[in-house]
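Have a look at the structure below, then the notes.
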């Protein structure tokens, strides 16, 4: 899967990039909301967006909202060590599928990504089955 990680803390980006890359994912990291919005448009499509909520240059909620304008919308998730219930609810209203408190429980993140990978495979198989087959008569 192609994943965009967004956080203003380089240590978190480095740790998550390493873990996800070792599991076979293609990971791009950016250090703020504005860079994330630009990257979504220039380097996409992405399968997954995982963004911090609170960053100095903007909110991860703005990044989630920017996904609504994309042709290929990534599965979006937010994370934070200090988010309020209101921020989490707002992120979900804007399209975030779930919230991960920091430090992220890696097992929970891996389970979510495995579910998404399984859903992509099932969707691909369904699309193949929908393609009409032509039969030739001799």
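Residue numbers (our numbering): 2 to 139. Backbone N, C-alpha and C fix where the C-beta goes; we use that ideal spot for every residue, glycine too.
Residue of the options minimising C-alpha distance to residue i
i: residue 48; options: 55, 10 and 72; result: 72
i: residue 20; options: 98, 67 and 4; result: 4
i: residue 116; options: 14, 86 and 76; result: 76
i: residue 25; options: 2, 13 and 83; result: 2
C-alpha distance - residue i paired with residue j, whole-angstrom precision
i: residue 64; j: residue 34; result: 6 Å
i: residue 28; j: residue 90; result: 27 Å
i: residue 87; j: residue 52; result: 17 Å
i: residue 15; j: residue 105; result: 13 Å
i: residue 12; j: residue 108; result: 19 Å
Burial state of residue i, where buried means 16 or more other Cβ atoms lie within 10 Å
i: residue 102; result: exposed
i: residue 111; result: exposed
i: residue 92; result: buried
i: residue 95; result: buried
i: residue 50; result: buried
Other residues of its chain near residue i: CB distance less than 8 Å, five sequence neighbours each side excluded
i: residue 100; result: 78, 79, 80, 81, 84, 89, 92 and 93
Contacts around residue i, its chain only, beta-carbon distance under 6 Å, and the 5 residues preceding and following it disregarded
i: residue 8; result: 14 and 53
Neighbourhood of residue i by C-beta distance below 7 Å, restricted to the same chain and skipping five residues each side
i: residue 45; result: 71 and 73
i: residue 67; result: 38 and 41
State whether the stretch 33-45 contacts the stretch 55-62, with contact taken as three or more CB pairs (one from each stretch) at a distance under 8 Å. yes
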